[in-house]
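Working notes, beginning with the structure itself.
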Amino acid sequence: MRKTLFLSVSIDGMIANKQGIPLFPEGSWEDWCSLVNETGNVIAGRSSFEQVNNPEMGAALHPKHKIVLSSRDLDLNDSGWQQAKSPKEALQILEDAGVEEAIIGGGRTVSHAFMSEGLVDQIVIDLNPVAFGEGIPIFGGPIEVPQLKLLDSKPLNEDTLRLRYEVVR
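Numbering follows my numbering, in which position 156 of the sequence shown is assigned residue number 758; successive positions increment by one, without gaps.
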């Protein structure tokens, strides 16, 4: 199963402003939801889960498998989300379901966890034409920087560029 880390970042390397809000251009959210819905799955952290688990944002997000990664017990109610306590557990859930590509989509803690455990095969970066100055950095902590090979680059719209990298092992 391929494991793809999806990041939407500002030109100054942030995934959200200092309040934790990803203020990216119109259409970015819909494009990400389309990618997640196509692959049928997403792995997100607790903060991302809380943001998308509301009727307004969640309306466009409907993959078959939704996993929230959190070491704390969460009350998921009838949200349709499953909880995993580790990156490997999240991947096992998807592998058991026959998923071919896992989309890791959520937040600095999740990005850091998957990258620091060497569990990412590809990284997709949507580079957005905004700068936060202060905010939440991509990984939220030091990681061993992998060697990357550019596979593809394309404009998503007039201002946003999508870069797809392979993690070279």
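Note that beta-carbon positions come from the ideal geometry of N, C-alpha and C, so glycine has one too.
Euclidean distance between Cα positions of residue i and residue j
i: I738; j: R710; result: 7 Å
i: N656; j: A646; result: 15 Å
i: G720; j: K690; result: 11 Å
i: H714; j: G743; result: 7 Å
i: L765; j: E702; result: 21 Å
i: A686; j: L763; result: 32 Å
i: I745; j: L696; result: 25 Å
i: P731; j: D633; result: 16 Å
i: S755; j: S650; result: 26 Å
i: D698; j: S672; result: 20 Å
i: A704; j: V722; result: 10 Å
i: I706; j: F734; result: 23 Å
i: R771; j: K751; result: 10 Å
i: G660; j: N679; result: 15 Å
Residue i (DSSP reduced to helix, strand or coil)
i: T762; result: coil
i: D754; result: strand
i: E628; result: coil
i: A646; result: strand
i: E669; result: The sequence shown places Ile at residue 669, rather than the Glu named in the question. In this structure, I669 counts as strand in the three-state DSSP scheme.
i: R674; result: coil
Start-to-end residues for the alpha helix (DSSP H) that takes in residue i
i: H664; result: Per DSSP, H664 belongs to no alpha helix (DSSP H) and is neither H nor E.
i: I623; result: Here I623 belongs to no alpha helix (DSSP H), and DSSP marks it neither H nor E.
i: L696; result: P689 to D698
i: G709; result: G709 to S718
Residue i beta carbon near the ligand MG (any heavy atom closer than 7 Å)
i: G682; result: Although the ligand MG was asked about, the structure shown includes no ligands whatsoever.
Beta-ladder partner(s) of residue i, from DSSP
i: R604; result: E703
i: E746; result: The partner list for E746 (beta bridge, DSSP) is empty, contrary to what the question assumes.
i: V770; result: Q749
i: N619; result: G737
Unbroken beta strand (DSSP E) run spanning residue i, endpoints
i: P739; result: G737 to P739
i: C613; result: Per the sequence shown, the amino acid found at residue 613 is Ile instead of Cys. Premise fails: I613 is in no beta strand (DSSP E) and is neither H nor E.
i: I725; result: Q724 to N730
i: A686; result: W683 to A686
### Message
Between the segment 669-685 and the segment 616-633, can you find at least three pairs of beta-carbon atoms closer than 8 Å?
### Response
no
### Query
Taking contact to mean at least 3 C-beta pairs separated by less than 8 Å, is the segment 659-676 in contact with the segment 630-646?
yes
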